[in-house]
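Take 0 as the starting number for the sequence shown in numbering that gives the first Met the number 0 and just add one per residue. Each remark here refers to the structure printed beneath this line.
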Amino acid sequence: MKAAVLQDKKFLIQNIASPKLEEYGEGAIIKVIGCGLCGSDIVKIRTGKAKNGDVLGHEVVGEIVEINSKTDFEIGDKVAMGHHVPCFNCTYCWNGNFSMCRHFKETNIIPGGFTQFIYVSEEHLKNTVFHVNLSLSDMEASFMEPLACCIRAVKRAKVKDNSKNLIIGLGTVGILMGEAVKVFGNSVYGCDLIYDRVCLSEKYGFDKSFVLKDVQSTLTEMKKTAPYGFDNVFLTAGASSSLDFAVKAARDGATIVVFSSVKDDMKGFCNNEIYYRELNIIGSYSPSPMDLEDSMALLEEGKVKTEGLLTQYPLEGLNDAVNDTLSNKIMKAYIKL
Ligand SMILES: [Zn+2]
Ligand SMILES: [Zn+2]
């Protein structure tokens, strides 16, 4: 089968062996219809975490073509999935830190979404694979996993009613995060360096968004909206300078949710601000099966809009998709198989 295989930080289209269900016994073979390109895929390429020969991609929508399972999935079912499955029976799982579960980190779809066929295990089918409702397009369904990550972040922030929430970074994840906060009935504000993204966020229901010009004038502008500062600040931007901005935009006692990695780690950690201003700084990483379920429900109910966020590329265009994402030419790429 055709696959985009990583070679020296670029994707090469190669012919690789299709996964065989007989080799695994239980589980299913899924014909990939499409797969979203995630920011984390790009980070893995740039940092060298992904190695030569790897097939990346995990935001898969596909069709079951072969199955041996005790679940009620059948051949022909259209599905979307999460790629990691927690064990539900370890210290991490008992404490709700499902994405820290060692089993979670070891499980995956095989070989990865940027190819024609993948294998998913029986425990994936039981916990992280979901039927795609006919009302959803393939592209919409591919948002199940990234939206679930945002839903988890909103849950972890314990967003209270009538709270004022700021999303820093208005890429696709920032927009989804804002929509997730909105679903919980709260006001959402955004900021980004790019004017077009600020405008776009308001189309997706943000109450107001700000162009981040210089820090002081943006903070002054924000004071009109949130005189005490924001109750929750979500960092989706991946720039260490935004951590400092998040601390300044937060009200005393606020929660700051770290939702992306930064290149120059260890800058911007401000012990005394956290102490004297009683800030809660928390991380949120990847979704649990319950977050995936909530995400699919919100997409099906049309409560989260994704229209216009994706740009479609063929598998052969994956390198262009990465470049166009990095240069902010597009919001997010969807690779159509
Ligand atoms: Zn993802
Ligand atoms: Zn576990």
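By construction, the Cβ of each residue, glycine as well, lies at the ideal position given by its N, Cα and C atoms.
Per DSSP, the continuous beta strand (DSSP E) segment holding Asn14 begins and ends at 9-14. Excluding residues up to 5 positions away in sequence, nothing lies with its Cβ nearer than 6 Å to the Cβ of Lys159 in the same chain.
Residues lining ligand 1 by the Cβ criterion, that is a Cβ closer than 6 Å to any of its heavy atoms, are Cys37, Ser39, His57, Glu58, Glu144, Pro145 in chain order. Closest in C-alpha terms to Gln115, from the list Lys8, Lys30, Asn132, Val303, comes Lys30. Its chain contains Ala3, Leu317, Asn318 as the residues whose beta carbon lies nearer than 6 Å to that of Phe10, once the 5 sequence neighbours on both sides are disregarded; these appear in chain order. Cα atoms of Glu121 and Glu73: separation of roughly 13 Å, rounded to the nearest angstrom. In the structure shown, Glu300 adopts coil according to DSSP, grouped into three states.
In the DSSP assignment, no residue is bridged to Asp195. For Tyr91, same chain residues with a beta-carbon under 6 Å away, outside a window of 5 residues either side, are Met99, Cys100 in chain order. Look at Tyr284: its beta carbon is at least 7 Å from all of the heavy atoms in ligand 2.
In the assembly as shown, Lys328 is an exposed residue. Its beta-carbon has fewer than 16 other beta-carbons within 10 Å.
C-alpha of Val257 to C-alpha of Val180: approximately 15 Å in a straight line.
Going by C-alpha positions, Asn279 is about 30 Å away from Thr127.
No Cβ-Cβ contact shorter than 8 Å links Thr235 with Ser208. A check of alpha carbon separations from Gly189 across Phe183, Ser200, Asp195, Thr217 identifies Ser200 as the nearest.
In this structure, the alpha-carbon of Ser240 lies about 23 Å from that of Arg155. Scanning Ile66, Met143, Gly252 for the CA closest to the CA of Pro18 turns up Ile66. Listed as beta-bridge partners of Pro313 by DSSP are Lys335.
Put simply, the region 71-85 touches the region 133-143. At least three CB pairs are less than 8 Å apart.
Not one heavy atom of ligand 2 falls within 7 Å of the beta-carbon of Phe129.
Under the DSSP assignment, Cys92 falls in the alpha helix (DSSP H) whose first and last residues are 90-93. In the displayed model, Leu5 falls within a strand according to three-state DSSP.
The C-beta of Ser216 has fewer than 16 other C-beta atoms within 10 Å across all chains shown, which makes the residue exposed. In this structure, ligand 2 has a non-hydrogen atom nearer than 7 Å to the beta-carbon of Asn88. Ranked by Cα distance from Lys304, the options Gly75, Gly252, Leu175 are led by Leu175.
Between Ile32 and Tyr194, the alpha-carbon positions lie close to 33 Å from each other. Counting only runs that start and end inside the region 251-280, the alpha helix (DSSP H) elements of at least 4 residues fall at 270-275.
Between Val84 and His123, the CB-CB gap stays under 8 Å. Residues of the same chain with a CB within less than 7 Å of the CB of Ile109, apart from the 5 flanking positions on each side, are Pro18, Ile117, Tyr118 in chain order.
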